[in-house]
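A.B. asks: The listed protein sequences correspond, in order, to chains F and P. Going by the numbering used here, the first sequence opens with residue 1, and the numbers climb by one from there. Going by the numbering used here, the second sequence opens with residue 1001, and the numbers climb by one from there.
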Amino acid sequence: MNIIYADNNATTRVAPEVRDAMMPYLDEDYFNPSSMYEPAQRTAHVMAEARKKIAGHLGVGEPTEILFTSCATESNNTAIFGAATANPSRKHVITTAVEHPAVLEVCKQLERTGYDVTFLDVDGDGNLHVDQFIRALRPDTLMVTIMHANNETGVIFPIEELSRLTKETDPSIIFHTDATQSVSKLPIDLDGTLTNVDLLSFSGHKLHAPKGVGALYVRRGTACRPFMIGGHQEQGRRGGTENVPYIVGMAKALDLAAENHDEEEDRIRAYRDRLEEAIEQQIPCVQVSGKNAARLPNTLNVSCHYVEGEGMLYQLSEYGICASSGSACTSGSLEPSHVLRALKIPFTAIHGSVRFSLSRYNSDEDVDRIIEVFPQVVSNLRRMSPYWDNEKNAPRPDANVLMQGNQK
Amino acid sequence: MAWEYSEKTKQLFMDAVHGKPGTHLGEIEDPDGLGEHGSIVCGDAMRFTFRVERNPDDPTKDVITDARYLTFGCTSAIAASEALCSLIEEGRYTPLQALKIQNKDIVEFLEGLPQQKVHCSVMGAEALEAAVFNWAQKRGVDLDELGVDLHTGEDDEGRIVCKCMSVSEPYLRRKIKELNLHTIEEITNAVKAGGACMSCHHTPGGLQDLLDEIWGTDGKALHILPADGFEEATPESLPISLSPYQFAKRIEKVMDEQVRPMLRHDGGDLEIVDIKDNLVYCRMKGACHGCASATRTLKMTVETTLKEAVDERVRVIEVGAGT
């Protein structure tokens, strides 16, 4: 059975053109770019070209401002620990409550070693309040690390504005953004509109390149210590033999994203909007997270009250539909999604959340199929739920009271 | 790392290796000038010799007829040595004229050297200086009297910290202490290290590490705003003499009495989002909001008004329309 892949915020398929671009470097061109001989010089040249292309796509003037890493998690660790190590006299960090664990856990680790971290709250729509951000800035603030777009809800943060305010308040505060979900989707111009951003992370596998390659943009002059040291690669800023085939793949993936960006974006947004509308119309008691905020065009996070996420995902996968959920059972840690909790979505709804995230490889038929299947999936579970009245197709009158009892 | 050498560099290297006629590998017996530069540590060492046609009346008019080198080093070191000898012989220079040859002439002769290899051209220039010094001694020429200043720099050999500008660790340590350099910026201004690709700033063993080692690390990393209060405050961050409450009240008063009427006249308005020390965060509203040049002019006007009426250290930061 063919699958309908709607989990692109988790990972994406490798584009066939990307796979083809990588093949020579997995085959005959296997040389270490640091070696002397001519074949290796060619490989080094290819890598330099890839770096230049990636820099171009991000509006970066100097290609060596792009460091290659193994993934966005490494880039985030490098950015935050690196900035902290380079500036030991400042001990305050500002971030948000909805960051990816690759940022949150690093910030929590800093807290354990004596740092003061402000985790900015978001409102019910998933938006940050600029007033609160301004209030958080302090004379001893080391850095701000705020993601560009949220992986669960798709909500976009105004990092152009936030980085400008940061630099106007105090130019020595470092501004980092985790752009893993936004690179290749939203415009990124690091020498233009995002000129106040010092560090930016992203990875290949969210943009149709393979898993195992990422990058960190480090603006010239930014004080940031290396995280992985050893060889002299990346000018001593990140040791380790470079992953040439995957770097080439990532550059190709960005080329592809740029080629048909606007048309693809319109198409994907249309799919998402159609799916969202159908779900809202056909299924009672649902809420879309981040509905009123600026969102990525491909993400739909919908919470269905009174049912549980894993049950929905299993049923969906019977039909070949791949999606994900913010429920505790699916998180691997028994904790429901910290992002949805930050949006103050009630527990009952968080457990019933499903995220559909689309890509250029989806189609109208995919959307039709999900619309056909999903309402049934939900109602199957509601039939079994103690909180649902099947005859009236509505929550039981005492449902909320019953649920309060379960909330900690 | 693989360098990209010019064709000329590669050609000169191969010619020298094969002893092609016209190359200058070798050592002159009983040389008129002998100079050595470099060391095993650096990975480049050169022994440079030349012969002159002596001028019976005036030694400063001796002309160099032959120049030879023995070089231990990489492709570019050997190519640079060839370049040096070719330049001297072709120019039919006197030793003093030959001193005018700089490493950039060698780089030009080679049609470019990768940045990380520029120090090889420096080696050539230094060996030449040493050889001229040697010749001057032999011929009784007083270089000081002639105003020629030679710099021997043998103590500055060691690990190269800044590859782009070919600055070594011993040299940096000497200069950091000599010139009392406390920040990376000061180092760059004084000796150029860290002024190109900047990757030597924060890499292990780089400029910041040297600074930390020499001066210690008690809170000097960021020198724009201090870590704890206003001990070493810049003029902008000095505490305003009014208390925060009084300051805020005065700002509001001036806003109401002077700023808002002015804005409302043009259909605009202004909201104070926050006040932190001397920073006043404002959001422009109404007709003026959204027009970039209007907001900029307005921000400056508001700032000037507040500076005059409340405190000259006030700064206005404009907040956008979003939440």
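Ideal Cβ positions, reconstructed from N, Cα and C, are used throughout, including at glycine. This structure is a prediction, so every number in the text was calculated from the model and none was measured.
(1) Under a three-way DSSP split, which group does P/Lys1307 fall into?
(2) State the Cα-Cα distance for the pair P/Cys1200 and P/Leu1207, rounded to the nearest angstrom.
(3) Establish whether the CB of F/Ile134 and some CB of chain P are separated by less than 8 angstroms.
(4) Around the C-beta of P/Pro1031, are 16 or more other C-beta atoms found within 10 angstroms, so that it is buried, or is it exposed?
(5) Tell me which residue opens and which closes the beta strand (DSSP E) that F/Arg272 is part of.
(6) Return no unless some Cβ of chain F is closer than 8 angstroms to the Cβ of P/His1182.
(7) So, are the CB atoms of P/Glu1082 and P/His1024 less than 8 angstroms apart?
(8) Return no unless some Cβ of chain P is closer than 8 angstroms to the Cβ of F/Val354.
(9) For the beta strand (DSSP E) that contains F/Tyr217, what are its first and last residues?
(10) F/Ser303 to F/Ile350, Cα distance in whole Å?
(11) Give the straight-line distance between the Cα atoms of F/Pro63 and P/Ala1196, rounded to the nearest whole angstrom.
(12) Quick one: what does DSSP say F/Tyr314 is sitting in, helix, strand or coil?
(13) CA-CA distance, F/Arg51 and P/Ala1127?
(14) Spell out whether any CB of chain F is found under 8 angstroms from the CB atom of P/Pro1114.
(15) Which residues does DSSP list as the beta-bridge partners of P/His1037?
(16) Return helix, strand or coil for F/Tyr306, following the three-state DSSP convention.
(17) Using a Cβ-Cβ cut-off of 8 angstroms (strictly less than) and excluding sequence neighbours within five positions of F/Phe227, which residues of its own chain qualify?
(18) Spatial neighbours of F/Cys71 within its chain, please: CB distance less than 6 angstroms, with the 5 preceding and 5 following residues excluded, ordered by chain position.
(19) How far does the alpha helix (DSSP H) with P/Cys1085 in it reach, from first residue to last?
(20) What does the alpha-carbon distance come out to for the pair P/Ile1214 and P/Lys1177?
(21) So if DSSP puts F/Thr118 in a beta bridge, which residue, or which two residues, is it bridged to?
(22) If we count Cβ pairs, one from each stretch, closer than 8 angstroms, do we get three or more for the region 1095–1110 of chain P versus the region 1176–1191 of chain P?
(23) Output needed for F/Pro395: all residues of its chain with C-beta closer than 8 angstroms, excluding positions within five of it in sequence on either side, in chain order.
(24) Near F/Ile279, what residues of its chain come up, given a Cβ to Cβ distance below 7 angstroms and the 5 sequence neighbours on each side ignored?
(25) Name the chain F residues that come within less than 8 angstroms of P/Met1198, Cβ to Cβ?
(26) Using C-beta distances below 6 angstroms, list every residue in its chain close to F/Thr180, excluding the 5 sequence neighbours before and after it, in chain order.
(27) For F/Gly61, collect the residues of the same chain with a Cβ closer than 6 angstroms to its Cβ; drop the 5 residues on either side in sequence, then sort them by chain order.
(28) Identify whether F/Gln376 lies in helix, strand or coil by the three-state DSSP scheme.
(29) Quick check: the Cα distance between F/Ala21 and F/Ala48, rounded to an integer number of angstroms?
(30) Using CA atoms only, rank isn't needed, just tell me which of F/Thr12, F/Asp123 and F/Asp178 is closest to F/Pro101.
(31) Rounded to a whole number of angstroms, what is the C-alpha to C-alpha distance between F/Thr69 and P/Val1319?
(32) Taking a contact to mean a Cβ-Cβ separation below 8 angstroms, would you say F/Ile268 touches F/Leu186 in this structure?
(33) Would F/Tyr25 and F/Pro245 qualify as a contact pair, given that the criterion is a beta-carbon distance under 8 angstroms?
(34) Given that a residue counts as buried once 16 or more other Cβ atoms are within 10 Å of its Cβ, and exposed if not, what is F/Asp266?
(35) In the region 210–244 of chain F, which residues sit with their C-beta less than 9 angstroms from some C-beta in chain P, listed in chain order?
(36) Comparing the C-beta of F/Asp131 with each C-beta of chain P, is any distance below 8 angstroms?
C.D. replies: This is what the structure gives:
(1) helix
(2) 6 angstroms
(3) yes
(4) buried
(5) Where F/Arg272 is concerned, there is no enclosing beta strand (DSSP E), although the alpha helix (DSSP H) it sits in stretches over His261 to Gln282.
(6) no
(7) A Cβ-Cβ contact shorter than 8 angstroms links P/Glu1082 with P/His1024.
(8) no
(9) Gly214 to Val218
(10) Cα to Cα, F/Ser303 sits roughly 6 angstroms from F/Ile350.
(11) Straight-line Cα distance between these residues: approximately 13 angstroms.
(12) helix
(13) Roughly 39 angstroms separates the two Cα atoms.
(14) no
(15) P/Met1046
(16) coil
(17) Glu74, Asn77, Thr78, Phe81, Gly82 and Arg238
(18) Once the five neighbours on either side are set aside, the close Cβ partners of F/Cys71 are Ser203 and Gly214.
(19) Start and end: Thr1075 to Gly1091.
(20) 8 angstroms
(21) F/Ile94
(22) no
(23) Cys285, His305, Tyr306, Tyr387, Trp388 and Asp389
(24) Val286, Val302 and Phe374
(25) Arg220 and Gly221
(26) Ala72, Phe202, Ser203 and Lys206
(27) Asp191
(28) Helix, per DSSP.
(29) 15 angstroms
(30) With distances taken between Cα atoms, F/Pro101 lies closest to F/Asp178.
(31) 35 angstroms
(32) Taking 8 angstroms as the cut-off, the Cβ atoms of F/Ile268 and F/Leu186 do not count as close.
(33) Yes, they are a contact pair.
(34) exposed
(35) Arg220, Gly221, Thr222, Ala223, Cys224, Arg225, Pro226, Ile229, His232, Gln233, Glu234, Gln235, Gly236 and Arg237
(36) yes
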